[in-house]
Amino acid sequence: MRKNILIALSIFLCSSTLLNAETYKLTSSGFINSETNNSEYIIEIPGVSQDNLYKSTKVILASESSYSNSQITDIDNETIIINGKDDNKIYAKFHNRDGNLWKYNYQYKLSFEDGKIIFEPTFKSLNNLKANKQLKSDGRLFSKKGKILHKRVVGEIEERLNDYIKSFEKNIKTYNQPLTSK
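Heads up, this note's numbering is the position in the sequence shown plus 2, with the first residue counted as 1.
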């Protein structure tokens with residue numbers, strides 16, 4: 003009995019670790035997918051056409067209120083580019099004269115092929131809500147040698163991106179589930 007409980011606990015811990023694994027890390031040169039060491043993350047949805055993936059993504063983006071202030075650009079029904087700001091504020095103190103509240107600016111590029119979406123995020127900047135300043139990743143977040151100077155801030159940005167990817171992947175797969183079960 004004890005052995006069965008230990009096996010079940012081990013399986014649970016392994017599966018929850020995989021579900022919570024971070025996909026992206028923010029580096030001084032931008033976001034890097036920790037699994038592939040490049041900037042792309044591929045969401046595979048076998049059996050769904052490029053056109054259906056594109057259209058269902060448009061429906062999902064239209065339903066999410068977080069994109070109401072974002073600039074969304076369509077390129078030939080094959081790519082969607084989202085330029086936006088994260089809705090949540092990040093508390094960070096870089097200088098005494100700066101305000102302490104910042105918003106994370108990003109660009110998400112979604113490219114569509116039959117059976118997959120290629121997600122490519124770009125860190126644009128942190129915008130100070132009081133002092134009208136911008137910080138790029140090569141500014142005060144990282145040293146000249148690429149070492150993280152503000153782990154908590156970088157961690158929050160990574161967490162928000164990774165949470166978004168998990169949510170988007172779940173939504174797009176759920177939306178297209180009837181198409182993949184045929």
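C-beta atoms are modelled at their ideal positions from N, C-alpha and C, and glycine is treated no differently.
Rounded separation between residue i and residue j - CA only
i, j, result
"L28", "I34", "6 Å"
"T75", "Y43", "20 Å"
"N54", "K95", "45 Å"
"L143", "T25", "20 Å"
"I84", "I47", "21 Å"
"V50", "R162", "28 Å"
"K172", "Q179", "10 Å"
"T81", "N102", "36 Å"
"A23", "N79", "Note on A23: pLDDT 47, under 50, position unreliable in the model; the coordinate value appears next. C-alpha separation (whole angstroms): 31 Å."
"S113", "I119", "6 Å"
The beta strand (DSSP E) enclosing residue i, as first and last residue numbers
i, result
"N85", "T81 to K87"
"I44", "Y43 to E46"
"G32", "G32 to N35"
Contact under 7 Å by Cβ, residue i with residue j
i, j, result
"Q73", "D116", "no"
"G148", "S30", "yes"
Assigned secondary structure, residue i (DSSP; H/G/I helix, E/B strand, else coil)
i, result
"S169", "helix"
"A23", "A caution first: A23 carries a pLDDT of 47, below 50, which makes its placement in the model too unreliable to give a value."
"L63", "helix"
"E55", "In the sequence as displayed, the identity of residue 55 is Leu instead of Glu. Helix at L55."
Discussion item. Could you tell me which whole beta strand (DSSP E) segments of length 3 or greater appear in the segment 100 to 178?
Written reply: 103 to 115 and 118 to 130
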